[in-house]
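Report on one structure; see the data block that follows.
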Amino acid sequence: MFTNQAVLVTGACGGIGRAISKKFAQLGADLALADIDAGALSDFAASLEEQGASVNIVAGDLADRDYCNQLPEKTHMLFDRLDIIINNAGLMRRGAITHTSDEDYALSMMINVEAPFRICRSAIPIMAAAGGGKIVNIASCWGLYPGPDHLIYCTTKAAVAAMTRCLGRDHACHNIRVNAVCPNEVDTPMLRTGFEIRGLDPDQAKSQLDETVPLGRIAAPDEIANVVSYLASDESSYVCGALIEVNGAKPVY
Ligand SMILES: NC(=O)c1ccc[n+]([C@@H]2O[C@H](COP(=O)([O-])OP(=O)(O)OC[C@H]3O[C@@H](n4cnc5c(N)ncnc54)[C@H](O)[C@@H]3O)[C@@H](O)[C@H]2O)c1
Numbered sequence: 725m726f727t728n729q730a731v732l733v734t735g736a737c738g739g740i741g742r743a744i745s746k747k748f749a750q751l752g753a754d755l756a757l758a759d760i761d762a763g764a765l766s767d768f769a770a771s772l773e774e775q776g777a778s779v780n781i782v783a784g785d786l787a788d789r790d791y792c793n794q795l796p797e798k799t800h801m802l803f804d805r806l807d808i809i810i811n812n813a814g815l816m817r818r819g820a821i822t823h824t825s826d827e828d829y830a831l832s833m834m835i836n837v838e839a840p841f842r843i844c845r846s847a848i849p850i851m852a853a854a855g856g857g858k859i860v861n862i863a864s865c866w867g868l869y870p871g872p873d874h875l876i877y878c879t880t881k882a883a884v885a886a887m888t889r890c891l892g893r894d895h896a897c898h899n900i901r902v903n904a905v906c907p908n909e910v911d912t913p914m915l916r917t918g919f920e921i922r923g924l925d926p927d928q929a930k931s932q933l934d935e936t937v938p939l940g941r942i943a944a945p946d947e948i949a950n951v952v953s954y955l956a957s958d959e960s961s962y963v964c965g966a967l968i969e970v971n972g973a974k975p976v977y
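When the letters of the sequence shown are read in order and numbered with my numbering, they come out as residues 725 to 977.
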């Protein structure tokens, strides 16, 4: 489905990032994988290459503005094209506003909002010149509705959602479709570290969380990757500026 298409995935070593990268690899894409964890990225890329995937790594810290600005061009140089960008990397700082430090605010805004802003700003002229492209942002249901005690995280994801809708509107004329996937809870290290911070057993806490979802379980990373690949494919050719909630019918609050 994605043969000869170049895809940049950020946060490629995380729970959802790995699932997205594997999915695109299985569907024949040329992958540029980005993450701050260069060692894990190289091991992960090697495992995909063993299965026949075409992979390059572009490791770096999304807090580095130059790195963000250059990622689309780097991908373009690696494959001589840039078809798809998945802005997946993100971090979660927890707590109400009175427990949110200046550092929590600055880092969350930088990684969750400014980095995708910079990547999109650099990518759009490249994609427009090539006749189009697709960008999929990973927002969250916790940016569309008020999630309890996650003030800065919800604020950043609301910004990603607004950015997605605006970019979808502004660049449809360039044949660039920008959409976002908004998961609720997904079984990844991000979720499990939250359990550990609260002193809970991650497996037990996950089972309890499963019971709160009308569909009977929180999402597996693959179930998010499937929606991402749909939005990046021609199957979604008329979906543009959309926020797709993937939540097993569970409301945020
Ligand atoms: N897990 C969930 O329940 C859930 C729900 C809704 C939305 N999301 C969103 O999905 C995306 C992926 O989340 P995940 O659950 O896979 O998280 P994760 O913590 O497993 O992975 C996040 C990845 O981002 C990378 N990253 C973090 N800071 C970085 C930086 N400064 N520079 C470069 N890379 C950096 C990490 O190294 C990691 O590989 C995030 O945007 C998250 O907000 C997750």
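Don't be surprised by glycine CBs; every beta carbon is placed ideally from N, CA and C.
Bear in mind that the values here come from a model prediction, so they are computed numbers and not experimental data.
Which same chain residues end up closer than 7 angstroms to residue 773 when comparing Cβ atoms and leaving out the 5 residues on each side of it in sequence? For residue 773, where only same-chain residues beyond five positions count, the Cβ hits under 7 angstroms are 779.
Are the beta-carbon atoms of residue 736 and residue 754 separated by less than 8 angstroms? No; because the gap between Cβ atoms is not below 8 angstroms, this pair is not in contact.
Which same chain residues, not among the five before or five after residue 870, have their C-beta less than 8 angstroms away from its C-beta? The residues are 878, 976 and 977.
Beta-carbon proximity list for residue 896, same chain, < 8 angstroms, skipping 5 on both sides: Close CB contacts of residue 896 within its chain, under the 8 angstroms cut and outside five residues either way in sequence, are with 964 and 965 (chain order).
Rounded to a whole number of angstroms, what is the C-alpha to C-alpha distance between residue 813 and residue 843? Each residue's Cα considered, the two are about 12 angstroms apart.
Shorter than 7 angstroms, the distance from the beta carbon of residue 864 to the closest heavy atom of ligand 1, or not? Yes, Cβ of residue 864 sits closer than 7 angstroms to a heavy atom of ligand 1.
Beta-ladder partner(s) of residue 778, from DSSP: DSSP lists 754 as the beta-bridge partner residues of residue 778.
N- and C-terminal bounds of the alpha helix (DSSP H) containing residue 870: First-last for residue 870: undefined, no H or E at that position.
From residue 961 to residue 822, what distance separates their C-alpha atoms? Those two C-alpha atoms are separated by around 44 angstroms.
Following a CB-centred definition, is residue 981 positioned closer than 7 angstroms to any heavy atom of ligand 1? The question about residue 981 has no answer here: the residues shown for the chain are numbered 725 through 977.
Which partner residues does residue 728 have in the DSSP bridge list? Here residue 728 is not bridged, per DSSP, to any residue.
Can you tell me the Cβ-Cβ gap for residue 850 and residue 786, rounded? I've got them flagged as a contact below 8 angstroms. Rounded to whole angstroms, the Cβ separation of residue 850 and residue 786 is 19 angstroms, and the two are not in contact under 8 angstroms.
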